[in-house]
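J.: Numbers in my numbering are just positions in the sequence shown, counted from 1, shifted up by 235. Right, I'll just put the structure down here and ask away after.
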Amino acid sequence: MENLQKIDLPIARSLQRELERQRHTLEMIPSENFVSLAVLEALGSVATNKYAEGYPGKRYYGGCEFIDEIETLAIERAKELFGANYINVQPLSGAPANMAAYFGLLEPGDVILGMDLSHGGHLTHGSPVTFMSKIFDFKRYRTTTDGLIDYTGIHDLAVKFKPKMILMGYSAYSREIDFQKIHEIAQEVEAYTMADIAHIAGLIAAGEMNNPCPLFDIVTTTTHKTLRGPRGGMIMCKDQDVAKRINKAVFPGLQGGPHENNIAAKAVAFKEALQPEFKEYIKQVKKNAKVLEQEIKKTDIRICFGTTDNHLLLLDVTPKGISGKQAEQALDKAGITVNKNMIPDDTRSPMDPSGIRIGTPAITTRGMKEDEMKQIAAWIEQALNNYDNDAELEKIRNDVKELTERFPIYPELKY
Ligand SMILES: *Cc1c(COP(=O)(O)O)cnc(C)c1O
């Protein structure tokens, strides 16, 4: 990266420090991952120079013949990966993908059923701080005390409010989803079905979680979480009429020129996800989450929703006499990166909630397995018990650094 060094040393230096941070800490935020060098190369490619408003074969700009090849490959690979009929790879990220889905199918004021935020739902599912919540009328369903989605509750709400859309999808929920049941409820009340699989897309692509694509009208996802691609979004549709409305909603409804360097990188990531090695990776992601669960169950930390069926765990840390924010800060000092998170029906505030969320996608990409998970669970317990003891946290940080050196990432990179 000698050009970057020459032109902009401050940025090169910050990038190098960020690289070192990624190398020497344990990245346990469940929405993060490490992309391959091939994905990085596609992202930093000349495709960033090209305007290509429209879709392959129907562009508003000349010179799009090779960009069309790239976008078409991305679409075809994603179709194979998810078994979806129609795919739009242009959404810039998960939030714009969801906006396009709402605007493509609904009218202002329409009712959407979505998961309560503290039960694992996402901000873009109608949190009061979003524009979406000003335009659409979101009603909330929850999980029950056994940790499962309250399907009876969804049915009751659906009959009562006659929603135009039932939305499934979460960022802090650790259980499987019964898409068939939701499909039946939606048919009964004539609502669209939408699944936001941002977190679990990689698990679904690998056949390790239920796939909503054959049943649901719309499936949105990010491409950068368990799918291990570049930061971006995507929308999949079952029927052509819905797909046409979604395409119009993405462009020109919501966005301008697509980021074709990003779409090239998506295509590369999809190719990688189609390989047998990716299946093995995802199986290990799940195994690692299970080992963390088993180890954490031996402590006084409480596992929300009872167990994990995927790559993440939502933990109630209040039995330790600390808040989620204190836990996040203590783990940060110990070299373990997590995020504070609300737990179901949290009595504390979003800025200082009761829980933390941890996940295995990134550390599994580094090659860590069951033995490392046991060690990491022990460090988490130790760090939370010593949340106010900087010397103890520093000791763990050094041990973490030693472990990360045995599982190097991007050894060939230098900014
Ligand atoms: C991450 C996430 C999003 C938003 O993705 P961004 O790329 O951050 O905009 C949307 N929905 C769910 C369920 C998510 O987990």
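All C-beta atoms, glycine included, are put in the ideal place defined by N, C-alpha and C.
How is the alpha helix (DSSP H) around glutamate 388 delimited, first residue to last?
T.: The residue you asked about is not glutamate; residue 388 is glycine in the sequence shown. It spans 386-396 - the alpha helix (DSSP H) in which glycine 388 sits, taken as one unbroken run.
J.: Within 10 angstroms of its Cβ, does glutamate 306 collect 16 or more other Cβ (buried), or is it exposed?
T.: It counts as buried.
J.: Thinking C-alpha only, which one of Ala441, Val346, Pro291 is nearest alanine 510?
T.: Per the sequence shown, residue 510 should be read as glutamine rather than alanine. For glutamine 510, the nearest C-alpha among the options comes from Ala441.
J.: Pairing CB atoms from the region 490-510 with CB atoms from the region 271-280, are three or more of them under 8 angstroms?
T.: The region 490-510 is in contact with the region 271-280.
J.: For a test of the three-state rule: what should DSSP assign to alanine 319, helix, strand or coil?
T.: In the structure shown, alanine 319 sits in coil (DSSP, three-state: anything other than H, G, I, E or B).
J.: Contact check, aspartate 413 vs threonine 428 under 8 angstroms by CB: the rounded distance?
T.: At roughly 12 angstroms, the Cβ-Cβ gap does not stay under 8 angstroms, so aspartate 413 and threonine 428 are not in contact.
J.: From what residue to what residue does the beta strand (DSSP E) around threonine 657 run?
T.: One cannot answer for residue 657 here, as it falls past the ends of the chain, which runs 236 to 650.
J.: Tell me, please, whether the CB atom of isoleucine 615 is closer than 9 angstroms to any CB atom in chain B?
T.: Protein chain content of the structure displayed is limited to a single chain, and chain B is not contained in it.
J.: To the nearest angstrom, how far is the alpha carbon of valine 477 from that of alanine 309?
T.: Distance between the alpha carbons of valine 477 and alanine 309: 20 angstroms.
J.: So what does DSSP say about isoleucine 420, is it helix, strand or coil?
T.: Isoleucine 420 falls in the helix class under three-state DSSP.
J.: Compute the distance between the beta-carbons of valine 281 and glycine 467, then report whether it is under 9 angstroms.
T.: No.
J.: Terminal residues of the continuous beta strand (DSSP E) containing isoleucine 347?
T.: Per DSSP, isoleucine 347 belongs to the beta strand (DSSP E) from 346-350.
J.: Are there three or more Cβ pairs, one per stretch, closer than 8 angstroms when the region 616-631 is compared with the region 239-258?
T.: No: fewer than three Cβ pairs fall under 8 angstroms.
J.: For alanine 626, count neighbouring C-beta atoms within 10 Å of its own C-beta (all shown protein chains included) and say buried if the count is 16 or more, exposed if not.
T.: Exposed is the call here.
J.: Within its chain, find whatever has a CB closer than 8 angstroms to the CB of tyrosine 337; leave out the 5 residues flanking it on each side and keep chain order.
T.: These residues qualify, in order along the chain: Ile347, Met367, Ile370, Phe371, Met400.
J.: Can you check whether the CB of alanine 319 is closer than 9 angstroms to the CB of alanine 484?
T.: No.
J.: Leucine 254 by DSSP, collapsed to three states: which one?
T.: In this structure, leucine 254 counts as helix in the three-state DSSP scheme.
J.: Is leucine 559 near ligand 1 - that is, is its Cβ less than 8 angstroms away from at least one heavy atom of it?
T.: It is worth fixing the name first, because residue 559 is glycine in this sequence and not leucine. Checking every heavy atom of ligand 1 against the Cβ of glycine 559, none is found closer than 8 angstroms.
J.: Does the contact criterion of 3 or more C-beta pairs under 8 angstroms hold for the region 510-526 versus the region 599-612?
T.: Flag = yes, the region 510-526 and the region 599-612 touch.
J.: Measure how close the beta-carbons of glycine 559 and isoleucine 591 come, nearest whole angstrom, since I'm counting them as under 8 angstroms.
T.: At roughly 5 angstroms, the Cβ-Cβ gap stays under 8 angstroms, so glycine 559 and isoleucine 591 are in contact.
J.: Going by Cα to Cα distance, which pick from Met586, Pro646, Gly488 is closest to alanine 288?
T.: The sequence shown places glutamate at residue 288, not alanine. Closest by alpha carbon: Gly488.
J.: Measure how close the beta-carbons of proline 408 and phenylalanine 540 come, nearest whole angstrom, since I'm counting them as under 8 angstroms.
T.: Looking at the sequence provided, one finds tyrosine at residue 408 rather than proline. Yes, tyrosine 408 and phenylalanine 540 are in contact; Cβ-Cβ is about 6 angstroms, under 8 angstroms.
J.: Got a sec: does ligand 1 put a non-hydrogen atom nearer than 8 angstroms to the Cβ of asparagine 620?
T.: Checking the Cβ of asparagine 620 against ligand 1 gives no.
J.: Helix, strand or coil for isoleucine 644? Go by DSSP, reduced to three states.
T.: Three-state DSSP puts isoleucine 644 in coil, outside helix and strand.
J.: What does the Cβ neighbour count give for serine 249, buried or exposed, with the cut at 16 atoms within 10 Å?
T.: Exposed.
J.: Alpha carbon to alpha carbon, how far is aspartate 580 from aspartate 345?
T.: So the alpha carbons of these two residues sit roughly 26 angstroms apart.
J.: Helix, strand or coil for aspartate 606? Go by DSSP, reduced to three states.
T.: In the structure shown, aspartate 606 sits in a helix (DSSP, three-state: H, G or I).
J.: Return the bridge partner residues of serine 584 from the DSSP annotation.
T.: In DSSP, serine 584 forms a bridge with Asp587.
J.: Could you check the C-alpha separation between serine 328 and threonine 457 for me, to the nearest Å?
T.: Those two C-alpha atoms are separated by around 6 angstroms.
J.: Taking only three categories from DSSP, how would you classify threonine 600?
T.: It is helical.
J.: Could you compute how far the alpha carbon of glutamate 647 sits from the alpha carbon of methionine 236?
T.: C-alpha separation (whole angstroms): 11 angstroms.
J.: Go ahead and pull the three-state DSSP assignment for threonine 534.
T.: Three-state DSSP puts threonine 534 in coil, outside helix and strand.
J.: Is asparagine 320 near ligand 1, with its Cβ less than 8 angstroms from a heavy atom?
T.: No, the beta carbon of asparagine 320 sits no closer than 8 angstroms to any heavy atom of ligand 1.
J.: Just reading off the alpha helix (DSSP H) that methionine 367 is part of, what are its end residues?
T.: Run containing methionine 367: 366-370, per the alpha helix (DSSP H) assignment.
J.: Report the residue from Gln490, Asp474, Thr380, His459 whose alpha carbon sits nearest the alpha carbon of alanine 191.
T.: Residue 191 cannot be examined here, being either before or after the span of the chain that is shown, 236 to 650.
J.: I'd like to check one pair, methionine 263 with isoleucine 593: are the Cβ atoms closer than 9 angstroms?
T.: Their beta carbons are under 9 angstroms apart, which means isoleucine 593 touches methionine 263 by this criterion.
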